[in-house]
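Presented below is the structure to which this report refers.
There are 4 protein chains.
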Amino acid sequence: MATPRFKQLRRSYGFDEVAIVPGDVTINPEQTNIDLKLGDFTFGIPVLASAMDAVVDVSFAILMNQLGGLAVLNLDGIQTRYDNPREVLAEIAQVSGAEVTPLLQKVYSQPIKENLISERIQAIKQSGAVCAVSAAPANAKRFAPIASEARADIFVVQATVTSARHLSKSSRGLIFPELVKSVTMPVIVGNCVSYSACLELMQTGISAILVGVGPGAACTTREVLGVGVPQITATIDCAAARDQYHKESGRYVPIITDGGFRKGGDLCKAVAAGADAVMIGSIFAQTKEAPGRGYHWGMSQQHPALPRGTRIKVGTTDTLAQILFGPTSVTDGSQNLIGALRTAMGICGAATIQEMHRAEMVIAPAISTEGKSWQLSQA
Amino acid sequence: MATPRFKQLRRSYGFDEVAIVPGDVTINPEQTNIDLKLGDFTFGIPVLASAMDAVVDVSFAILMNQLGGLAVLNLDGIQTRYDNPREVLAEIAQVSGAEVTPLLQKVYSQPIKENLISERIQAIKQSGAVCAVSAAPANAKRFAPIASEARADIFVVQATVTSARHLSKSSRGLIFPELVKSVTMPVIVGNCVSYSACLELMQTGISAILVGVGPGAACTTREVLGVGVPQITATIDCAAARDQYHKESGRYVPIITDGGFRKGGDLCKAVAAGADAVMIGSIFAQTKEAPGRGYHWGMSQQHPALPRGTRIKVGTTDTLAQILFGPTSVTDGSQNLIGALRTAMGICGAATIQEMHRAEMVIAPAISTEGKSWQLSQA
Amino acid sequence: MATPRFKQLRRSYGFDEVAIVPGDVTINPEQTNIDLKLGDFTFGIPVLASAMDAVVDVSFAILMNQLGGLAVLNLDGIQTRYDNPREVLAEIAQVSGAEVTPLLQKVYSQPIKENLISERIQAIKQSGAVCAVSAAPANAKRFAPIASEARADIFVVQATVTSARHLSKSSRGLIFPELVKSVTMPVIVGNCVSYSACLELMQTGISAILVGVGPGAACTTREVLGVGVPQITATIDCAAARDQYHKESGRYVPIITDGGFRKGGDLCKAVAAGADAVMIGSIFAQTKEAPGRGYHWGMSQQHPALPRGTRIKVGTTDTLAQILFGPTSVTDGSQNLIGALRTAMGICGAATIQEMHRAEMVIAPAISTEGKSWQLSQA
Amino acid sequence: MATPRFKQLRRSYGFDEVAIVPGDVTINPEQTNIDLKLGDFTFGIPVLASAMDAVVDVSFAILMNQLGGLAVLNLDGIQTRYDNPREVLAEIAQVSGAEVTPLLQKVYSQPIKENLISERIQAIKQSGAVCAVSAAPANAKRFAPIASEARADIFVVQATVTSARHLSKSSRGLIFPELVKSVTMPVIVGNCVSYSACLELMQTGISAILVGVGPGAACTTREVLGVGVPQITATIDCAAARDQYHKESGRYVPIITDGGFRKGGDLCKAVAAGADAVMIGSIFAQTKEAPGRGYHWGMSQQHPALPRGTRIKVGTTDTLAQILFGPTSVTDGSQNLIGALRTAMGICGAATIQEMHRAEMVIAPAISTEGKSWQLSQA
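Protein sequence lines, in the order shown, are assigned to chains A, B, C and D.
Counted the way our numbering counts, the first sequence spans residues 1 to 379.
Counted the way our numbering counts, the second sequence spans residues 1001 to 1379.
Counted the way our numbering counts, the third sequence spans residues 2001 to 2379.
Counted the way our numbering counts, the fourth sequence spans residues 3001 to 3379.
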């Protein structure tokens, strides 16, 4: 008689459950190189701004690129549905919590205007900035030529979960090798969280992968669907796929950990876990330049039948430049993210992002409130 | 000299401690088939309503079946002890928390009237609905012929823990093979939580198993008795028993995870862990159609000497149809449970419930309050 | 070159981290036998009351034995230092929290009167009850003959930690084999928490072992000294020692899990982990008959230089008989402890305490507040 | 094809997650020897006071040595930048929480005066006390001759993380073998947390190691940088390095666990994990003699661009003598730290610190608030 088979569960870890171990060698933070290469582009900082309507509009995209990073403009959102997106964003910031999901469902039910796609891209390009745009898989085949025509530089295809093999009876799905061949720009695809799904996506010829399902501050995917993998484990698994694919193909496809960051230490941990870059939403929604006016909401919150996200009040703290580079008097890790990354790399003796991938990490649950209780009475 | 033997403890997991990993393939949610087969019956959705007095009365049972699922009417409860159960239910909803357990002890000390068993069943059958009824093991032999006579379709035998071998000096216990033989309808038995107990129950010839001891929102079995197994581990173990029994006997006996659900993600996790269906209590007690009037209480709360349950105020949120199928603007996973299940299956590339049993899962502790603290200030 | 050696840590578990798995067989609770044998005595319930001044005085000891259990009178405490202990107990109940430790330090600095030892024992014996008394190791040699003379039945030697080999330069320590030989009554010794320490103590010829360091509600040993082992692991380890010693010597030495109980489920878990009996302090301090008047304090709180305990307000809930046997309308597991134990044994198919030792257990963290949040709004 | 490689994470533990197991032998606390040897110095208690400005000034250093321990004076801080440090300390204690980091950034931007280095050392030496001073790695080469000239006894080089191999393009870094050769006093270096980094530092010829990155109450390194290892694991790893180095070289280099202590039990756990001594900050900042006036702040809080620390209000509880030696009526473990250590050693049968290193430990999560909830209503 056969042995019974029990389903096996593997332990996974998020940012709050791990810590980085200092290295046997240390280096000066100033000597670290944190460049990110995407296709033929090189960015001075390995940071992307999320394709979310509360984070990126045309002027934010330009500023982000001027500061060394890359912002992705959402082609499925408010910027391409409304001639005057500021009015709509202002309304979203004003309604009460009870009214916001119905409002978002209505706002996002308006049709996307193809001319606005071109206009937004051209506005970014005219500033001299690198222009990255995103579309949902269902819109990717239609929007890619328009974006290409308008001279966008990078094309992102993004959904909660994207696989190399999507089965649909009603329509012929998006075929990534065809998309990659049809556009001349690098294609970034997401999101995925597992070794095998990531490997399959890389094999389609795309240029980078977004890693993360369910971790974002404005996302309730894990509550609603039960689906999601904590970011450290997701990053470790996809980094293993990247290294394996690199060994097999000779091609290095960067992975970008997307979502769930709350402070500088989280960025450092993502990179130590294997990320080549990070994509940030809610922290940037707090900048003075963010279009969300102190609010942030999930990309699936507007789903007409099963919304999976919440609008959250993140407040407005400081400029994007300040949050990225400091200097600061804030001590909780929410500012000078790049300074934190360089300092952590110095402590680990890592001169490059790829050397930081080799830093040792431990499982170390977040310091409890009790353990730091004196801080509660901080004067 | 013999080596000392230390008792070994196995780690177990509940809903909040696991998450589902997206698949390498994805499919459209609309293409998923979520049918449940019980005996010769096929139900369009794999959801049962608990045999609890705050959840199911005659009209709720009819509605549930019209919506594709199955509700179980409790033959040991208020519906069969009182000609006018509404009055009693109203009184339970009105007394204070301190008075409720003595009141329940009194309410449930009234005798069960056999004529009411017939009347309730016939009322359900007259609507054309499939009729399922439940009895405690002590009452099963007496009530089964009455239910059979009244043309009930499915007979459920349910206690906190039911085993295939119950030892009693004072009386000859319930023998399941005899019961199965004596009634013509499918027999569902519960509850159990372990591989071996589940396997033994299946070998008695019954048609389905209820899985779960101690997880329900209104249940304090684990506090009072120390007994209970978290639902993910219980489901995994009983699913292994089902698969083993299927291999040995060729007969597929569905397992129904019963209790502890708080949101759509929990249902998805139960199915990914191996459940063929779920049985829901407190979420349905919140529907506008529930007899409990915004309250819910445990099935063991009326025990005269050792009550194990509490009345909880669950409130009234929406209609049963809305909670099952949406559409909704609620983003916390408490509505559109079926939409959530189909979406999660699509993300896992699972076209059927049995394919969903193969979805990968990880141990991933619930996102901490701290991690989502911005939501606390949600406007 | 030798491999470096890292200190290894073993995982341990407390009551809140485990649960009992129902059995494949079930039996009627009424058919369970829960007798405890200590020396030639047989007790109807496997429950001892702690030798703590807030729990046991002469009348409590008599009542406890009448109800089937055994209470231990503390010979190092208030009862043997004061002719009128009630006055002192009243004062302890009246002072503020800030004043209580200095007061206890003063109260316990008064000398023990040997005549009071005899008087208290005789008062218990005159009622016909079995009389158990306790002394600290330092006092054991002196008090044992007095207790013997006064016809005490059971002699308990108890300290935070007691080992079979205590090293002291200044005096010749207590030698257990000598003590056992010198008194004609059974000797119970505690506390210990590990396999080897327990085995060594059993080899001295004593009659039972108290298991537990640091778990009690009124004990801060773990905070102050860092010392302690959670009760489930301590019980499992000492049960392995008992079984090993039984195999080697043919003598069965019961182990009594002492401290940390908060509800009926905890008792059931201790027995499932291997305990032959439990010793209860704070739950009994809540009875109407307890001398502590709604307060409870630790046995090390009176230490003149390093007090390790706190006075806690436990309140007064019900009679000892009610808490032990019910019936009750309380659903949180704090009443009808014996009913809970018999019911859990029935669910596990255990007809005796020793059969309950074989019940399967799982590691299952306590149900979180979040998971049961509806209860917070319980009306 | 090669097997994919996944980054492995090791579990680590902090004070709150472990407990000490009592020994099979016990001894009288008075018979324990807790001497600490550093170079040719022997200290009666294995306790150092942190080189932090809220903890150690000249008079505190003298008192600490009189009581048997060693305090380290910070040469990079307020004491050597200001002729009248008391004024500055008073100002820090007076500003609001929002103003304190900018103030500290300003206070610590003033130049260090070399004459003050000599003056502070001489003041300590004139009292007859052993004088230990600390410098950051960048200042060590410059300050060491001055300290040597002024007859300091022990030289500490301390940064968040210090490695034996620091890489810098701009300057020739600190070479520890050269430093050790150039000064005649023992050199203590820190901080480190891993086996290999600790082993490399010992091989440079230094006399002791400080263990700990990120655990202190006033430190936010782990939040800001993601870097840190909980103290029990860090101590176990560095103790393994010490023992390995001892085996290889015959030289015993003590390790000093630095930071994160909140109560006596934490000290006992550090020693059981392998520490030869402990370095204490925030607990000593609470003494009546501490210069911080009831406040404490991190050593990295004054960083001009990326501050990593917070000022915390610790309050003022009692004298240093009282906190070290009692006697006390405080029962939470915050006083009589040495009494606690000796008592724990007695319970473990450890006559010396090195015997205490062999005490068994278990992983035992901190007693939950729920488990001790009665204490909340402590009168």
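The beta-carbon is built from N, C-alpha and C at its ideal position, and this holds for glycine as well.
Would residue i count as contacting chain B if we go by Cβ distances under 9 Å?
i, result
"Thr2317 (chain C)", "no"
"Thr101 (chain A)", "yes"
"Glu17 (chain A)", "yes"
Is residue i close to chain C? Criterion is C-beta to C-beta, closer than 9 Å.
i, result
"Gln3378 (chain D)", "Per-residue confidence for Gln3378 (chain D) stands at a pLDDT of 33, beneath the threshold of 50, marking its modelled position as unreliable; the derived number appears in the next sentence. Closer than 9 Å to some Cβ of chain C, the Cβ of Gln3378 (chain D) qualifies, so yes."
With distance defined between alpha-carbon atoms, name the residue in the options nearest to residue i.
i, options, result
"Gly2259 (chain C)", "C:Cys2238, C:Pro2230, C:Lys2007 and C:Glu2223", "C:Pro2230"
"Thr204 (chain A)", "A:Phe176, A:Leu225 and A:Gly214", "A:Phe176"
"Asn3139 (chain D)", "D:Val3213, D:Pro3111, D:Gly3226 and D:Tyr3295", "D:Pro3111"
"Met2299 (chain C)", "C:Val2107, C:Cys2131 and C:Val2130", "C:Val2107"
"Val1180 (chain B)", "B:Ile1206, B:Lys1247 and B:Thr1233", "B:Ile1206"
"Arg1293 (chain B)", "B:Gly1068, B:Glu1087 and B:Leu1075", "B:Glu1087"
"His2296 (chain C)", "C:Gly2039, C:Ala2093, C:Val2018 and C:Asp2035", "C:Ala2093"
"Thr3235 (chain D)", "D:Gln3122, D:Ser3196 and D:Pro3145", "D:Ser3196"
"Val72 (chain A)", "A:Leu116, A:Met52, A:Gly216 and A:Ile363", "A:Met52"
"Asp1153 (chain B)", "B:Ile1338, B:Val1161, B:Thr1162 and B:Val1133", "B:Val1133"
"Arg3262 (chain D)", "D:Phe3284, D:Gln3244, D:Asp3076 and D:Gln3158", "D:Phe3284"
Could you tell me whether the Cβ of residue i comes closer than 9 Å to any Cβ of chain A?
i, result
"Leu1174 (chain B)", "no"
"Leu3200 (chain D)", "Just to set this straight, residue 3200 (chain D) is Glu in the shown sequence, not Leu. Answer yes: the Cβ-Cβ gap between Glu3200 (chain D) and chain A drops below 9 Å somewhere."
"Gly3190 (chain D)", "no"
"Pro1254 (chain B)", "no"
"Ile1363 (chain B)", "yes"
By the criterion of Cβ-Cβ separation under 9 Å, what are the contact partners of residue i in chain A?
i, result
"Gly1349 (chain B)", "Ser163, Arg165, His166 and Leu167"
"Gly3309 (chain D)", "Thr331"
Could you tell me which chain B residues have their CB closer than 9 Å to the CB of residue i, listed as they occur along the chain?
i, result
"Arg81 (chain A)", "Within 9 Å Cβ-Cβ: nothing; Arg81 (chain A) doesn't reach chain B, min ~19 Å."
"Ala144 (chain A)", "Result: empty, since nearest Cβ-Cβ is about 20 Å, beyond 9 Å."
Residues of chain D with a CB under 7 Å from the CB of residue i: which are they?
i, result
"Pro2304 (chain C)", "Pro3327"
Cβ closer than 7 Å: which chain C residues qualify as neighbours of residue i?
i, result
"Glu1223 (chain B)", "Lys2263, Gly2265, Asp2332 and Gly2333"
"Gln1105 (chain B)", "Ser2329"
Just to make sure I have the definition right: I need the residues of chain B whose C-beta is within less than 7 Å of the C-beta of residue i. Which are they?
i, result
"Ile2236 (chain C)", "Phe1006 and Lys1007"
"Ala359 (chain A)", "None at all; the shortest Cβ gap to chain B is about 23 Å."
"Ala2344 (chain C)", "Leu1225, Gly1226 and Val1227"
Counting only beta-carbon atoms, is residue i nearer than 9 Å to chain D?
i, result
"Ala2240 (chain C)", "no"
"Pro215 (chain A)", "no"
"Gly2259 (chain C)", "no"
Identify the contact partners of residue i in chain D, using a Cβ-Cβ distance below 8 Å as the criterion.
i, result
"Val21 (chain A)", "Val3193, Ser3194, Val3227 and Val3229"
What residue range does the beta strand (DSSP E) around residue i cover?
i, result
"Leu2174 (chain C)", "Segment: none, Leu2174 (chain C) is in no beta strand (DSSP E) and carries neither H nor E."
Using a Cβ-based criterion (distance less than 8 Å to any ligand heavy atom), does residue i qualify as near the ligand SAH?
i, result
"Gly2259 (chain C)", "In the structure on display, the ligand SAH does not appear, and there are no ligands present to speak of."
Within the continuous alpha helix (DSSP H) that includes residue i, where are the two ends?
i, result
"Asn2139 (chain C)", "Pro2137 to Glu2149"
Mind pulling the chain C residues with CB within less than 8 Å of residue i?
i, result
"Val1047 (chain B)", "Near Val1047 (chain B) there are no residues of chain C at all, since even the closest Cβ is about 20 Å away, more than 8 Å."
Please list, in chain order, the chain A residues whose beta carbon lies closer than 8 Å to that of residue i.
i, result
"Thr1003 (chain B)", "None at all; the shortest Cβ gap to chain A is about 25 Å."
Under 8 Å: do the stretch 1184 to 1202 of chain B and the stretch 2303 to 2317 of chain C share three or more Cβ pairs, one atom per stretch?
no
Does the stretch 2015 to 2023 of chain C come close enough to the stretch 2331 to 2348 of chain C to have 3 or more Cβ pairs within less than 8 Å?
yes
Segment contact, 8 Å Cβ cut-off, at least three pairs: the stretch 276 to 291 of chain A with the stretch 312 to 322 of chain A:
yes
Stretch-stretch touch, CB-based, cutoff 8 Å, three pairs: the stretch 3276 to 3283 of chain D with the stretch 3210 to 3227 of chain D
yes
Contact between the stretch 2234 to 2243 of chain C and the stretch 3040 to 3059 of chain D: three or more CB pairs below 8 Å?
no
Does the contact criterion of 3 or more C-beta pairs under 8 Å hold for the stretch 260 to 273 of chain A versus the stretch 3213 to 3227 of chain D?
yes
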